[in-house]
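Just below is one structure, and these are the notes that go with it.
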Amino acid sequence: MQATFHAFGLNHQTASVAASEAFALDEDAQCRVHTAFRAGTAPADEDGPELVLVSTCNRTEVYLYGDEGDAERLRGLLACEAGRDWPGQGETFHRTDEAAVRHVLEVTAGLRSLVPGDAQILAQVKDAYRRSVDADAVGAVGHRLMHTAFRAAKRVRSETSLASGAASVSTAAVALAEEFFRKRRPDGWTDRRALLVGAGKMGRLALEALADRTDDRASLASVAVTNRSPERAAEAARAFDAETVPWADRHAAAARADLVIVATGAEEPTIRAETLPEGSAAAADTAT
Numbered sequence: 004m005q006a007t008f009h010a011f012g013l014n015h016q017t018a019s020v021a022a023s024e025a026f027a028l029d030e031d032a033q034c035r036v037h038t039a040f041r042a043g044t045a046p047a048d049e050d051g052p053e054l055v056l057v058s059t060c061n062r063t064e065v066y067l068y069g070d071e072g073d074a075e076r077l078r079g080l081l082a083c084e085a086g087r088d089w090p091g092q093g094e095t096f097h098r099t100d101e102a103a104v105r106h107v108l109e110v111t112a113g114l115r116s117l118v119p120g121d122a123q124i125l126a127q128v129k130d131a132y133r134r135s136v137d138a139d140a141v142g143a144v145g146h147r148l149m150h151t152a153f154r155a156a157k158r159v160r161s162e163t164s165l166a167s168g169a170a171s172v173s174t175a176a177v178a179l180a181e182e183f184f185r186k187r188r189p190d191g192w193t194d195r196r197a198l199l200v201g202a203g204k205m206g207r208l209a210l211e212a213l214a215d216r217t218d219d220r221a222s223l224a225s226v227a228v229t230n231r232s233p234e235r236a237a238e239a240a241r242a243f244d245a246e247t248v249p250w251a252d253r254h255a256a257a258a259r260a261d262l263v264i265v266a267t268g269a270e271e272p273t274i275r276a277e278t279l280p281e282g283s284a285a286a287a288d289t290a291t
């Protein structure tokens, strides 16, 4: 069969939350997929199939230069790692040729993100490309495609207004919270208390957004950070002049807060709705 471009998988536009979570593979699982696939094919630099595997909290997609048989093998490997059957057509997509290339460009530029213009997806695709290169899964065609996508994403950010809005799900959550409070009283979130659950990359973006969206940081009565790792919580808190809350006390802190932002990649809920006070604004972000 003749090699062509394929883009297939599932994402927030096609799949249920349960399916997205099941197929969100960590780096070790992605490496196993690469290893298993390469074991049965010629090297990418010797006319073998080429692939980049992107797997985040709401997107697991394969960008393949190969044939339909290669695509079928990859679907089987992904299903094996997820521990469930590959979803049906209603929850997946599969594009080929020019449509597949266009999809890769649009994803990398943030045009297909949950928040259009999301700045994080470019870094995530670059990480996926790096892992694929390390796995010897990319040849001349794949290198050209991905570097074209990276250049296009850079131009979209520098030459259009797409990135002028929310740069991530975290910043969008903060914007929605601000609107939530301003609809209830003219001074918005003045004297309100905010709690951030998670001190990773997305949590820091939320802290930055909180700082950027207040005319005076003192307008928020307090901003607290909690994280499973107290060291990471303390580091983030110092950078943004925030307080820290022990992980074990997060539910009590959430009950006292007016705004709770959850920015973790945990599979199980870290804050439950029943712990939140009536009238609070709760924003959930499970980006990795």
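Going by my numbering, the first residue of the sequence shown is number 4, and it counts up by one from there.
Every residue, glycine too, gets a C-beta built ideally from N, C-alpha and C.
Nearest residue (CA-CA) to residue i, options the options
i      : options                        : result
Val248 : Gly206, Leu199, Ala212         : Leu199
Gln33  : Asn14, Leu56, Val172, His9     : Leu56
Gln127 : Gly145, Ala138, Asp139, Met149 : Met149
Thr193 : Leu13, Ala180, Ser58           : Ala180
Ala251 : Arg41, Val263, Ser232          : Ser232
Ala245 : Ala197, Leu262, Ala256, Ala227 : Ala227
Cys60  : Phe96, Glu211, His15, Ala74    : His15
Arg207 : Arg188, Asp190, Arg235, Pro189 : Arg235
Gly153 : Glu182, Gln123, Ala140, Ile274 : Note that residue 153 is Phe in the sequence shown here, rather than Gly. Measuring from the Cα of Phe153, the nearest candidate turns out to be Gln123.
Ala140 : Ala42, Thr174, Val172, Asp29   : Ala42
Gly163 : Arg275, Glu71, Cys83, Leu114   : It is Thr, not Gly, that sits at residue 163 in the sequence shown. Ranking Arg275, Glu71, Cys83, Leu114 by Cα distance to Thr163 puts Leu114 first.
Leu165 : Glu109, Val177, Leu67, Ser173  : Glu109
Glu238 : Arg158, Ser173, Leu210         : Leu210
Ala85  : Asp31, Thr151, Ala240          : Asp31
Ala212 : Arg62, Pro189, Ala240, Ala175  : Ala175
Ala178 : Leu262, Arg160, Val136         : Leu262
Val107 : Val65, Ala74, Gly72, Arg158    : Val65
N-terminal and C-terminal residue of the beta strand (DSSP E) that residue i is part of
i      : result
Phe11  : 7–14
Ser225 : 223–229
Phe96  : 96–99
Ala197 : 195–200
Arg78  : Taken as a continuous stretch (DSSP letters only), Arg78 belongs to no beta strand (DSSP E), being part of the alpha helix (DSSP H) at 71–85.
Opposing strand residues paired with residue i [DSSP bridges]
i      : result
Ile124 : None, per the DSSP bridge assignment.
Ser173 : In DSSP, Ser173 forms no bridge with anything.
Ala237 : Answer is none; Ala237 lacks a bridge partner.
Val57  : Glu64
Glu24  : Glu24 pairs with nothing; no bridge assigned.
Val36  : DSSP lists no partner for Val36.
Glu246 : Ala227
Residues near residue i in its chain [Cβ-Cβ closer than 6 Å; skip 5 each side]
i      : result
Gly51  : Thr44, Ala45
Arg78  : Trp89
Gly69  : Ala6, Pro52
Arg1   : Given a span of 4 to 291 for the chain in the structure shown, any question on residue 1 remains unanswerable.
Ala156 : Thr111, Ala112, Leu125
Ala138 : His37
Gly91  : none
Ser222 : Thr193
Ala39  : Leu80
Arg220 : Low confidence applies to Arg220: its pLDDT is 44, below 50, so where it sits in the model is not reliable enough to give any reading.
His97  : Phe11
Residue i - containing alpha helix (DSSP H), residue span
i      : result
Val144 : 143–162
Leu213 : 204–215
Same chain, Cβ closer than 7 Å to residue i, five either side skipped, listed in chain order
i      : result
Ala224 : Asp194, Arg195, Arg196
Gly201 : Asn230, Val265, Ala266, Thr267
Ala131 : Val55, Leu56, Val57
Thr99  : Thr7, Phe8, His9
Gly191 : Glu181, Phe184, Arg185
Ala256 : Leu198, Ala227, Thr229, Val248
Neighbour flag for residue i against chain B, beta carbons, 9 Å
i     : result
Gly43 : Structure shown: chain B not included; a single protein chain is present.
Sequence-distant residues of the same chain with beta carbon closer than 8 Å to residue i, five excluded per side
i      : result
Arg253 : Leu198, Val200, Thr229, Thr273, Ile274
Glu94  : Leu13, Thr17, Ala18, Ser19, Ala22
### Message
Counting beta carbon pairs with one atom in the segment 99–110 and one in the segment 15–34, are three or more of them shorter than 8 Å?
### Response
No, because fewer than three Cβ pairs between the segment 15–34 and the segment 99–110 fall closer than 8 Å, the two stretches do not touch.
### Query
Pairing CB atoms from the segment 68–83 with CB atoms from the segment 113–120, are three or more of them under 8 Å?
no
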